[in-house]
Every structure is written in structure tokens, then in C-alpha cells.
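The numbers in the sequence shown follow the UniProt record's numbering, run straight up by one, and end at 61.
From the three backbone atoms N, C-alpha and C, an ideal C-beta is built for every residue, glycine too.
In this text, all values refer to a predicted model and were calculated from it rather than measured experimentally.
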Amino acid sequence: MAKETKNFVLRLDAQTMEAIEKWAEDEFRSVNGQILYILCEALKKSKRLPKTKNEPTKSNT
């Protein structure tokens, strides 16, 4: 079963949008996919993303 997604409106200034569009193009992603990638990487880096079933924990590493 596919993950449930939530839709929302995001307002960005033109300079930020252009930078994201260029970055997405460089990595062969859609702008939406690039924004999702950026958000997920930031959540992982800050350890705010819940652990998945396949991700090792301290007890099983």
C-alpha cells in the first residue's frame, strides 16, 4: 500500500524557487521531489525522523 501524502501550499521567494528548480534539474528530480528530498535529509540529520522497521537501533547493532 502506498504511503499517505498530505497536500499543502508553500510560498517561496523567487530566488529560492529558482535555486530549488536548478538543483532539482541537476539531480533529475521534480521540484516537488527535490523539496521532499531536502526536508527528509534535514529531518534525518536532526534525528527527528521516526525510525523505520529496517533501520538498526542501539539494541540490535
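Taking L39 as part of the alpha helix (DSSP H), name the residues at either end of that continuous run.
One-based indexing of the sequence shown puts residue 39 at position 39. Per DSSP, L39 belongs to the alpha helix (DSSP H) from V31 to K45.
Under the three-state DSSP convention, the category K22 falls into
For the purposes of this step, residue 22 is taken as the residue at position 22 of the sequence shown. It is helical.
Would you kindly work out how many angstroms separate the C-alpha atoms of E41 and A14, rounded to a whole number?
For the purposes of this step, residue 41 is taken as residue 41 along the sequence shown, with counting starting at 1. For the purposes of this step, residue 14 is taken as residue 14 along the sequence shown, with counting starting at 1. Cα to Cα, E41 sits roughly 23 Å from A14.
Hey, would you say V31 sits closer than 7 Å to I20, going by beta carbons?
As a first step, residue 31 must be located in the sequence shown, where it is residue number 31. As a first step, residue 20 must be located in the sequence shown, where it is residue number 20. Cβ distance < 7 Å, so V31 and I20 count as in contact.
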